[in-house]
Amino acid sequence: MNGFLEQIISFFRRLPMQQRLAVAGVLVGGIAVLGSVAYWASAPNYVLLYSGMDQADTGQVIESLRSRGVEYELRDSGNAIYVPEEQVYELRASLAQTGVVSDGAPGHEKIFGGGTLG
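Here this note's numbering is used: the first residue of the sequence shown is 678, the next is one more, and so on.
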């Protein structure tokens with residue numbers, strides 16, 4: 678291993694300054710690309726938790742998410758709440774059970790014209 682490293686250093690020293698700078702630039706660029714890909718791949722994928730609620734309900738959901746330490750994003754001018762994908766189903770069930778959200782599908786009655794079937 679030590680001999681291999683010495684060969685690389687020796688090769689690098691024999692290069693003209695312009696080529697040394699080019700090799701260093703490629704290495705730095707490659708490291709930057711790898712770091713960017715790793716950062717992008719580790720970022721959570723946010724999916725829709727609820728949308729179309731009035732501001733009071735939205736505020737209650739946000740307060741509940743904050744108290745649980747859940748990261749969230751507000752989109753669509755504050756009308757849509759997004760959470761990490763791996764937590765969405767557990768949060769929907771938990772928020773419905775605790776009464777923060779009265780209906781399992783807010784806005785459902787707006788789409789289908791009423792809260793009851795038949």
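Using N, Cα and C, we set each Cβ at its ideal position, and we do this for glycine too.
| Query | Result |
| --- | --- |
| Would you decide whether Tyr-796 is buried or exposed? Buried here means 16 or more other CB atoms lie within 10 Å of its CB. | The structure shown has nothing for residue 796, since the chain only spans 678 to 795. |
| Is there at least one non-hydrogen atom of the ligand ADP closer than 7 Å to the beta-carbon of Ala-701? | As presented, the structure is devoid of all ligands, the ligand ADP included, so that no description of it is given. |
| Which residue from Gly-707, Tyr-749, Asp-734 puts its Cα closest to that of Ala-773? | Asp-734 |
| Rounded to whole angstroms, what is the Cα-Cα separation between Ile-686 and Leu-704? | 15 Å |
| Compute the Euclidean distance between the alpha carbons of Ser-713 and Gly-706, then round it to the nearest angstrom. | 10 Å |
| At the level of alpha carbons, what is the spacing between Leu-682 and Leu-751? | 51 Å |
| Can you tell me whether DSSP reads Leu-751 as helix, strand or coil? | strand |
| What residue ranges within the segment 707-754 form continuous alpha helix (DSSP H) runs of no fewer than 4 residues, ordered along the chain? | 732-745 |
| Who does Val-760 pair with in a DSSP beta bridge? | Val-724 |
| Report all residues from its chain with a CB closer than 8 Å to the CB of Val-738; omit the five preceding and five following residues, and keep chain order. | Leu-726, Tyr-727, Met-730, Ile-758, Leu-772, Val-777, Val-778 |
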